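Sequential numbering of the sequence shown, starting at 8, is according to the working numbering.
What follows is one structure encoded as structure tokens, with my remarks underneath.
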Amino acid sequence: MTKPSPYALFSAQALQPLPLNDFATRCLQRLQQGERLLSLFGRAATPADTGDWVLTAVFLPAEGALCVVRGQARRGERYPSLSASFPAAQIHERELWEQTGVVPEDHPWLKPVRFEGERQQHMADYPFFTVRGNEVHEVGVGPIHASVIEPGHFRFMCHGERVIHLEIQLGYQHRGAQALLLRRSAWHLTPIVESIAGDSAVAYAWAHCQAMEALSGRPVSADTALSRAIGLEMERIAMHAATLNGLATDIAYLQAAATYARLRTAIINASQRVCGNRFGRGWLRPGWARPLSAECRDDLRKTLQGFARDIHEVNGLMRGARSVKARFVGTGVLSPQAAQDMGLTGVVARASGVALDLRERLPGAYEHAPIATTTHPAGDCWARMDLRMQEVDASVAWLLEALARAPDEQAAARAPTAPEGASAALPARTLCVSLVEGTRGPVLQAIETSDAGDVLHHQVQDPSLANWFGLALAVRDNGISDFPICNKSFDLSYCGNDL
Numbered sequence: 008m009t010k011p012s013p014y015a016l017f018s019a020q021a022l023q024p025l026p027l028n029d030f031a032t033r034c035l036q037r038l039q040q041g042e043r044l045l046s047l048f049g050r051a052a053t054p055a056d057t058g059d060w061v062l063t064a065v066f067l068p069a070e071g072a073l074c075v076v077r078g079q080a081r082r083g084e085r086y087p088s089l090s091a092s093f094p095a096a097q098i099h100e101r102e103l104w105e106q107t108g109v110v111p112e113d114h115p116w117l118k119p120v121r122f123e124g125e126r127q128q129h130m131a132d133y134p135f136f137t138v139r140g141n142e143v144h145e146v147g148v149g150p151i152h153a154s155v156i157e158p159g160h161f162r163f164m165c166h167g168e169r170v171i172h173l174e175i176q177l178g179y180q181h182r183g184a185q186a187l188l189l190r191r192s193a194w195h196l197t198p199i200v201e202s203i204a205g206d207s208a209v210a211y212a213w214a215h216c217q218a219m220e221a222l223s224g225r226p227v228s229a230d231t232a233l234s235r236a237i238g239l240e241m242e243r244i245a246m247h248a249a250t251l252n253g254l255a256t257d258i259a260y261l262q263a264a265a266t267y268a269r270l271r272t273a274i275i276n277a278s279q280r281v282c283g284n285r286f287g288r289g290w291l292r293p294g295w296a297r298p299l300s301a302e303c304r305d306d307l308r309k310t311l312q313g314f315a316r317d318i319h320e321v322n323g324l325m326r327g328a329r330s331v332k333a334r335f336v337g338t339g340v341l342s343p344q345a346a347q348d349m350g351l352t353g354v355v356a357r358a359s360g361v362a363l364d365l366r367e368r369l370p371g372a373y374e375h376a377p378i379a380t381t382t383h384p385a386g387d388c389w390a391r392m393d394l395r396m397q398e399v400d401a402s403v404a405w406l407l408e409a410l411a412r413a414p415d416e417q418a419a420a421r422a423p424t425a426p427e428g429a430s431a432a433l434p435a436r437t438l439c440v441s442l443v444e445g446t447r448g449p450v451l452q453a454i455e456t457s458d459a460g461d462v463l464h465h466q467v468q469d470p471s472l473a474n475w476f477g478l479a480l481a482v483r484d485n486g487i488s489d490f491p492i493c494n495k496s497f498d499l500s501y502c503g504n505d506l
């Protein structure tokens, strides 16, 4: 049986927006049925719409294809918050409120996500949660850190060394990425899209290309899709190796740290030999992907075989070292129930027993050579480390098999070139939701067209958006000195959150 596609097309005309309260009720019903809320966003209304905003909620049922619910609202209009019953909605409702002014009544944690627009001048006034009591104190870290790292502020409420509560304030890197995507032809956006989160360039580019190809009715060949999947798995291996390097560095296990750094370099250098960029930029464009010649495939195969041998050895050292176990086992525990309730996703959720991997659930290019979903029940730093090791092994095995069955050199279909007014070839009043399972989890892009076929709205969502709150939960009741390894075991994206 053919599995659902990782993208879905909807006629915007057929998606009649519901009044705001009816929209909230319909979303609540879907959540009660066990569907996962993937995204909730709004766009400015057009003259053909009612109200100030058109709202879109994207859901993933337990089985079957993606589905959406549409609503309409006026600025300042209120609706019963979904988060009181389903905490997974909290971050999406906050983002919607920040961007549109539509208010979720009785939201338990209604605070800005990234301080967009006028709020950017008031980041110093962030309403931090406070804990009072004898010997309770606050520790503030960031936004400027002691190493080369992205900015973010972490406010710890501690009793002695024990963390009672962590609040994370982000938004320092807000660049207006989504607004920028509306200023150029949609066909030529890939260089911008793949730079939104630089360590997920292939995942972002693929989500964008997939949406454009679906909208234009120009599906790519199986060979092109295979080349993209190869690029994505190379990216996954490199970024997991980078996380493992960071974990080893944070506990001063320098033998492993040096080895992981070397192995990551081998993979990203191999990617550069394919596409000209170590982070995979330029690997794919709408309608096209890098052709893999016999020489290129042989180079990748040899690199991966050497990588597999060496990472097996260093993973054995990490898993066998008592000092590693002492720091990681039982540290930063995130229970399966908490991960499920908060709607966490990607490797972080799978390390807490949540069995969701879009490469199996919505396989697309992976349908004829699937990668089985791997989970770990413990939800601690050790589980997140071990699961990354397992995912690297699975990706290497998949890549070696894929390279063996790839054609000598697939026809490199020319990237579609748009006519004057580039997006004119796109169908009118159509919404496409596109998903790709990146290193951290699902990368989502949604593109909606206007009556004239122009791009009306371009939504981008990084998996880190939902997962940062999971980090705050994981560090509770841990020593504050364990925060660096908890943080690295999640390894979330600041810029992906901030856009």
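Glycine is no exception: its CB is placed at the ideal position from the N, C-alpha and C atoms.
Source: prediction; values computed, not measured.
Note that the region 282-298 does not touch the region 368-376; fewer than 3 beta-carbon pairs, one per stretch, sit closer than 8 Å.
The C-beta of ASP387 has 16 or more other C-beta atoms within 10 Å across all chains shown, which makes the residue buried.
Under a 10 Å Cβ-count criterion, PHE136 is classified as exposed, with fewer than 16 other Cβ atoms of the shown protein chains found around its own Cβ.
When Cβ pairs closer than 8 Å are counted between the two stretches, the region 431-446 is seen to touch the region 207-214, the count reaching three or more. One thing to note: LEU189 has its Cβ within 8 Å of the Cβ of HIS465. CA-CA distance, ILE175 to ASP393, rounds to 26 Å.
A check of alpha carbon separations from VAL361 across ALA390, PRO414, PRO377 identifies ALA390 as the nearest. When C-alpha distances from ARG169 are compared across ASN504, SER488, CYS493, the shortest belongs to SER488.
Bounds of any beta strand (DSSP E) do not take in GLN344; it lies within the alpha helix (DSSP H) bounded by 343-348.
The alpha-carbon separation between ASN28 and ALA52 amounts to approximately 18 Å.
By the CB criterion at 8 Å, GLU157 and TYR501 fall inside the cutoff. Just measuring C-alpha positions, the residue of LEU177, LEU239, LEU410 sitting nearest VAL148 is LEU177.
From the listed residues GLU105, ALA218, LEU324, HIS114, the smallest Cα separation to SER88 is found for HIS114.
Ranked by Cα distance from LEU251, the options VAL399, LEU406, ARG436 are led by VAL399. Taking a cut-off of 8 Å on C-beta distances, the region 339-355 touches the region 478-497, as three or more cross pairs fall below it.
For ILE492, the uninterrupted alpha helix (DSSP H) run begins and ends at 490-497, by DSSP. C-alpha of ARG292 to C-alpha of PHE30: approximately 36 Å in a straight line.
According to the DSSP secondary-structure assignment, LEU117 is paired through a beta bridge with no residue. Given a length threshold of 3 residues, each whole run of the beta strand (DSSP E) inside the region 24-98 is given here in chain order: 43-51, 60-67, 74-80, 85-87. Under the Cβ criterion (8 Å, minimum of three pairs), the region 467-475 does not count as touching the region 71-86. Taking C-beta atoms under 8 Å as the contact rule, ALA221 and TYR14 qualify, at a distance of about 5 Å. CYS165 has its alpha-carbon roughly 10 Å from the corresponding atom of GLY140.
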